[in-house]
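**Q** Could you have a look at this structure, given as structure tokens, before my questions?
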Amino acid sequence: MALTSLKNVFSLVSLVALAILHSSFEVASISVNAESEAEADALLIWKASLRNEAQSPLPSWTLLPNNATNSSNNQYTSSTPRSWFGVSCNHAGSVIRLNLTSSALKGTLHEFPFSSLPNLAYVDLSMNGFFGENQLNGSIPIEIGHLKSLNDLSLYANHLHGSIPASIGNLSNLAYLDLDEKKNLYSIPTSLADLGNLAYLYLCDNQLSGSIPLEIGNLTNLVDLDISYNNLKGLIPPSIGKFENLALLQMYENQLSGTIPTEIGNLKLKVQ
């Protein structure tokens, strides 16, 4: 009799444990879906701000209604951007990569959901038609500093103007930054020196003026540095001699003066 009672108690405890475990999975699933939906909604707001006279940009960027049948046998919820063109997500459905290079997009970055994509690590929006407000004097939004997970950012060959925001120095994981051919980005912010993991920095053909910041020597992990075709003036800072890993240095077509620092002679690199 006692043995039977013990078995009943054990069975009841097992059922309760399974119920709690199932409930926990459901709560976790709801949380994941909510995050994915929020990111999808934020990207759709940016999409709506773009304009393309020939066709609707990013036609695959849509959300299926809740009662729709997913063509992939509902492997993922209809609200995830996993199947969208140029978008990659992690297992939880959160956006980690955005590759929209040469997509003929036109518009601004001012509606881009920088603060809504906490896991975004790779962004390539190069070779598009982005521009600032009034198509004349916009800038890269300061909100870009919210992308704490970002390690690869490419915005080259667009029509962005204005300053490189100081907030870009908040991207502590950034290893690759390509802002070539922006036409007018004013000057090199000293906050770039805070990017301790930066290995590749391309600022070619931007009409950059002013001097090369002394703090640039803090970028000790640099492998490639291209600041050619700008209007930079003044001396080449001796701190460049700290670039122990530098393989390629391009500074031609500027208005630099003075002599080449002797510290550069200690580096094994190709200077152009």
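Using mature numbering (1 follows the signal peptide of the UniProt record, and there is no 0), the letters of the sequence shown correspond one by one to residues -29 to -1, 1 to 243. Backbone N, C-alpha and C define an ideal beta-carbon position, used for all residues, glycine too.
Curious, which full-length beta strand (DSSP E) runs of at least 3 residues does the stretch 159 to 183 contain?
**A** Entirely contained in the stretch 159 to 183, the beta strand (DSSP E) runs reaching 3 residues are, in chain order, 171 to 173.
**Q** Flag this pair as yes or no: are the beta carbons of Ile183 and Ile207 separated by less than 8 Å?
**A** Yes.
**Q** Check this for me: beta carbons of Tyr157 and Asp123, under 8 Å apart or not?
**A** No, the Cβ-Cβ distance between Tyr157 and Asp123 is not below 8 Å.
**Q** By a C-beta neighbour count over all protein chains shown, 10 Å radius and 16 as the cutoff for buried, is Phe85 buried or exposed?
**A** Classification of Phe85: buried, given that the 10 Å Cβ count is 16 or more.
**Q** Could you check what DSSP says for Ser(-6) in three-state terms: helix, strand or coil?
**A** Any reading at Ser(-6) needs caution, since the residue's pLDDT is 43, under 50, leaving its predicted position unreliable; the model's value is listed next. Looking at Ser(-6) - three-state DSSP - the assignment turns out to be helix.
**Q** Please classify Ser138: does DSSP put it in a helix, a strand, or coil?
**A** In the structure shown, Ser138 sits in a helix (DSSP, three-state: H, G or I).
**Q** Is the beta carbon of Leu164 less than 8 Å from the beta carbon of Leu190?
**A** Checking the sequence shown, residue 164 turns out to be Ala, not Leu. A contact, by the Cβ cut-off of 8 Å.
**Q** Between Gly116 and the rest of its own chain, which residues show a CB-CB distance below 6 Å, the 5 nearest in sequence each way excluded?
**A** These residues qualify, in order along the chain: Ser138, Asn141.
**Q** Give me the Cα-Cα distance between Gly64 and Val94, rounded to the nearest whole angstrom.
**A** Whole-angstrom Cα-Cα distance: 17 Å.
**Q** According to DSSP, is Asp12 part of a helix, a strand, or is it coil?
**A** DSSP places Asp12 in helix when its eight states are reduced to three.
**Q** The beta strand (DSSP E) with Asp194 in it runs from where to where?
**A** Asp is not the amino acid found at residue 194; the sequence shown has Val there. Premise fails: Val194 is in no beta strand (DSSP E) and is neither H nor E.
**Q** Spatial neighbours of Glu152 within its chain, please: CB distance less than 6 Å, with the 5 preceding and 5 following residues excluded, ordered by chain position.
**A** Counting only Cβ-Cβ distances below 6 Å, and skipping sequence neighbours, we find Tyr127, Ala128, Asp176.
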